[in-house]
Every structure is written in structure tokens, then in C-alpha cells.
Amino acid sequence: DTEVTQTPKHLVMGMTNKKSLKCEQHMGHRAMYWYKQKAKKPPELMFVYSYEKLSINESVPSRFSPECPNSSLLNLHLHALQPEDSALYLCASSRGGDSNQPQHFGDGTRLSIL
Amino acid sequence: GESVGLHLPTLSVQEGDNSIINCAYSNSASDYFIWYKQESGKGPQFIIDIRSNMDKRQGQRVTVLLNKTVKHLSLQIAATQPGDSAVYFCAEIPGRDMRFGAGTRLTVKP
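Just so you know, the protein sequences line up as chains Z and H, in that order. Residues 1 to 114 in my numbering are what the first sequence lists, from first letter to last. Residues 1 to 110 in my numbering are what the second sequence lists, from first letter to last.
Next up, the structure:
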């Protein structure tokens, strides 16, 4: 079992809907990440939070809005998504402070846009 | 641009044999490397890491080798088991963020 918990596991939404993906970790990690993974492709970095502050935004469209309410939680708010946004969305965390630390992943939310 | 890549997209081995998965990187600034295993329906799972001041690191049934001269990374799995079937990604960290290679699918035949 992973120590990074993501909910929901599956999400189907229309292009006009607003939904949120949630991620939680209780390892005391201070860096948290969102990745997008398309089928048969490697994960692609979207956002990085370090000590609850957004430190990297990899030119992600504004229809994806991250939020880090506290050091254990990470949300990804979704609005007006497109069919090409259908993918597996992965959350990860690492100890933080030092970039040379392994990231630990959740099992992802599989998102389908109708 | 500089990137992480893999020589073989697929690898099929007999149960009990040793497996070797290769990865080429080109970013000379990378000083930390990780191998991940991703099973169907799951997130990437950390297997082993290595820092650039090392050329070999061993774990349980796995060994990672780093050749900085030719910018090459490999993952060796001893006595491969059916449970080892998965996609394996190498990842490099040249600075603040981590970049994955394309991945290799390992299939273990009984």
C-alpha cells in the first residue's frame, strides 16, 4: 500500500463541470507534486509545492489550479477541461529541502473527460 | 534538448533469468538518479536510487550501475520473477525537478 493517498480513484466529468482531485500524505514530507501521465507514456511534471508554496508551474493551462492547504494535503481543482486532459493524475511527495530525495507516488486518479 | 531515454522499449525474459534494463541520459548536470517500477493501475514505485558520486549500488535482488563517462544507467534484476513484470522508468534530477525516461516494459515468462 502506498503512503500517498489519492481520491477519487476514478473520475468522469463533463467539460463544463468543476471537480477537485485530492492527495494526502502523513510522512512529514514538505515537497508535493502533481504529474500527468498519458497511456504508455512517462509521468510529466505539472506543479511542485515546497513548504506549501508553489515553486514550479510547468506552463500548465489555467483550467488546472493547484492548492496546498497545509503540509499534508494537495488539491488539484479542475474546470472546463478538454477531452485531451483525460489521463492518470499522480501525486507525489518527498522530504523537501534537498532535491536529491526520492519522490513517493500515490496510485493516481484516472480522469475521463466526456 | 537534453533528455533521458531508454535503449529498449520492451524486454521479455524467462523466469529465473537475470534482467538488465538500460537508460541513457544526456544532462551532465544530473547528480541523482532513480529507478521506478510501475505496475498496471498503480503509481510508480521507488526501487533504488544512486548519486553521481557512486558507480554502483545494490538492493534486494536489484543493482543499479552508473557510468558517468558515457552517461549510462542500468538496472539489473537478479532471478527475475513473474511479479517483476511491469514498466520500469529511470528518472534523473538535474536540479529542482525530476524527469522520467520513456520506460521499458518487462515481461517475465513462466
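Glycine included, every Cβ here is placed at the ideal spot set by N, Cα and C.
Beta carbon proximity, residue i to chain Z, threshold 9 Å
{"i": "H/Gly83", "result": "no"}
{"i": "H/Lys42", "result": "yes"}
{"i": "H/Met98", "result": "yes"}
Rounded C-alpha distance that separates residue i from residue j
{"i": "Z/Met27", "j": "Z/Glu3", "result": "7 Å"}
{"i": "Z/Pro8", "j": "Z/Lys36", "result": "15 Å"}
{"i": "H/Leu8", "j": "H/Tyr88", "result": "With a pLDDT of 48 at H/Leu8, under the threshold of 50, the modelled position of this residue cannot be trusted; read the value that follows with caution. Those two C-alpha atoms are separated by around 11 Å."}
{"i": "H/Thr80", "j": "H/Ser26", "result": "29 Å"}
{"i": "H/Arg96", "j": "H/Pro44", "result": "19 Å"}
{"i": "Z/Leu45", "j": "Z/Thr16", "result": "25 Å"}
{"i": "H/Pro110", "j": "H/Gly83", "result": "11 Å"}
{"i": "Z/Met32", "j": "H/Asn18", "result": "35 Å"}
{"i": "Z/Cys23", "j": "H/Ile20", "result": "34 Å"}
{"i": "Z/Gln6", "j": "Z/Gln25", "result": "9 Å"}
{"i": "Z/Tyr49", "j": "Z/Trp34", "result": "9 Å"}
Chain-order list of residues whose beta-carbon lies under 7 Å from that of residue i (same chain, five-residue window excluded)
{"i": "Z/His29", "result": "Ser93, Ser94, Arg95 and Gly96"}
{"i": "Z/Val12", "result": "Ser112 and Leu114"}
{"i": "H/Arg61", "result": "Ile77, Ala78 and Ala79"}
{"i": "H/Ala29", "result": "Pro94 and Gly95"}
Proximal residues to residue i (C-beta, below 8 Å), its chain only, five neighbours per side dropped
{"i": "H/Met54", "result": "Leu66"}
{"i": "H/Thr107", "result": "Thr10, Leu11, Ser12, Val13 and Ser85"}
Chain H within 9 Å of residue i, Cβ atoms only
{"i": "Z/Gly120", "result": "Since the first and last residues shown for chain Z are 1 and 114, residue 120 of chain Z lies out of range."}
{"i": "Z/Glu84", "result": "no"}
{"i": "Z/Pro66", "result": "no"}
{"i": "Z/Ser59", "result": "no"}
{"i": "Z/Glu44", "result": "yes"}
Contacting residues, own chain, Cβ-Cβ under 6 Å from residue i (five flanking each side not counted)
{"i": "Z/Asn57", "result": "Phe47"}
{"i": "H/Lys37", "result": "Gln45, Ile47, Ala86 and Tyr88"}
(message) Does the contact criterion of 3 or more C-beta pairs under 8 Å hold for the region 82 to 93 of chain Z versus the region 66 to 83 of chain H?
(response) no
(request) Assess, as a yes-or-no matter, whether the region 67 to 76 of chain Z is touched by the region 13 to 25 of chain H under the definition of 3 or more beta carbon pairs within less than 8 Å. (result) no
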